[in-house]
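Undergrad: Those letters in the sequence shown? Residues 0 to 196, by numbering that gives the first Met the number 0.
My structure is below; once you've seen it, I'll send some questions.
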Amino acid sequence: MRVIRIEDGHDVRLADYAGVREPARLRDRGLLIAEGRFVVRRLFDSGRIAVRSLLLNDAALNGLGDLFERADASLDIYVASPDVITAATGFNMHHGCLALAERPAEVSLQTVLSTGTLVAVLERVIDADNVGSVFRSAEAFGVDAVLLSPGCCDPFYRKAIRTSSGAALVVPCAEATPWPDALDQLRASGFVIAATT
0 MRVIRIEDGH
10 DVRLADYAGV
20 REPARLRDRG
30 LLIAEGRFVV
40 RRLFDSGRIA
50 VRSLLLNDAA
60 LNGLGDLFER
70 ADASLDIYVA
80 SPDVITAATG
90 FNMHHGCLAL
100 AERPAEVSLQ
110 TVLSTGTLVA
120 VLERVIDADN
130 VGSVFRSAEA
140 FGVDAVLLSP
150 GCCDPFYRKA
160 IRTSSGAALV
170 VPCAEATPWP
180 DALDQLRASG
190 FVIAATT
């Protein structure tokens, strides 16, 4: 790993961290941003998501030191002051701990139907906090996957990941498309559907 001090929030090496305020751009590039030490630890522990770089303040650098012993040697760890992090992201990131990572490979609906026995299905849940809460609960209750209809908030949006306490990085998800035909596919695969609001 390489620890690199950054003094300018407009340093081109931090360009992708502007995705904190432009989540669609991150998604289009196949990337995600995880925020906070606990969530970043879960990201490393997931074993299924490649971490590209970290952007940390000095406190986060010291607090995550044990992670770096198992980090890839090519991982760039950018260390900056809070002002520089704010300039790079466009937000006051008071946690001072961000990770840029590749979005996990998509799981198909057919894979979920053939391997899962308990799934949660979200229909047009647009609030990031609600999506994150569902993922957190899904992990707690042993749900095999979360299916998302068109119009749902991206579960790999920074705020949804943070609210899920990192569960969105662990619990598989798939698009429930075409919608609402996906519900018929669930029934045909032997699932019993119970609805709630």
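Every residue gets a Cβ at the ideal spot worked out from N, C-alpha and C, and that includes glycine.
Going by beta-carbon coordinates alone, are Val11 and Ile76 separated by less than 8 angstroms?
TA: Translated into the one-based positions of the sequence shown, residue 11 becomes position 12. Translated into the one-based positions of the sequence shown, residue 76 becomes position 77. Taking 8 angstroms as the Cβ cut-off, Val11 and Ile76 do not qualify as a contacting pair.
Undergrad: Hey, quick one: how far does the beta strand (DSSP E) through Asp82 stretch, first residue to last?
TA: Mapped onto the sequence shown, residue 82 falls at position 83. Careful: Asp82 lies outside any beta strand (DSSP E), inside the alpha helix (DSSP H) at Pro81 to Thr88.
Undergrad: For Arg40, which residues from the same chain have a beta carbon less than 7 angstroms from its beta carbon, with the 5 sequence-adjacent residues on both sides left out?
TA: Here residue 40 corresponds to residue number 41 of the sequence shown, with the count starting at 1. Excluding sequence neighbours, Arg40 sits near Leu66.
Undergrad: Curious, which full-length beta strand (DSSP E) runs of at least 3 residues does the segment 15-99 contain?
TA: If we require 3 residues or more, the beta strand (DSSP E) runs fully inside the segment 15-99 come out as 30-34, 50-55 and 75-78.
Undergrad: Only counting the same chain, and skipping five residues up and downstream in sequence, which positions put a Cβ closer than 8 angstroms to that of Arg36?
TA: Position 37 of the sequence shown, counting from 1, holds the residue named residue 36. Same-chain partners within the cutoff: Ala59, Gly62, Leu63, His94 and Cys96.
Undergrad: Please say whether Arg4 and Thr88 have beta carbons closer to each other than 8 angstroms?
TA: The residue labelled residue 88 in the question sits at position 89 within the sequence shown. The residue labelled residue 4 in the question sits at position 5 within the sequence shown. Against a cut-off of 8 angstroms, the Cβ pair of Arg4 and Thr88 comes out as no contact.
Undergrad: With Phe134 and Ala166 assumed to form a contact (beta carbons below 8 angstroms), what rounded beta-carbon distance in angstroms separates them?
TA: Numbered from its first residue, the sequence shown carries residue 134 at position 135. Numbered from its first residue, the sequence shown carries residue 166 at position 167. With 8 angstroms as the limit, Phe134 and Ala166 qualify as a contact, their Cβ atoms being about 4 angstroms apart.
Undergrad: Which residue from Asp7, Ala173 and Glu138 puts its Cα closest to that of Ser148?
TA: Along the sequence shown, read from residue 1 onward, the residue named residue 148 stands at position 149. Closest option to Ser148, Cα to Cα, is Ala173.
Undergrad: May I ask you to list the residues that DSSP assigns as paired with Val130?
TA: Here residue 130 is taken as the residue at index 131 of the sequence shown, counted from 1. According to DSSP, Val130 bridges with nothing at all.
Undergrad: So, for Ala100: in the same chain, excluding its five sequence neighbours on each side, which residues have a beta-carbon less than 8 angstroms away from its beta-carbon?
TA: Along the sequence shown, one-based indexing puts residue 100 at 101. Contacts found: Leu30, Leu31, Ile32, Ala33, Leu42, Ile48, Ala49, Val50 and Arg51.
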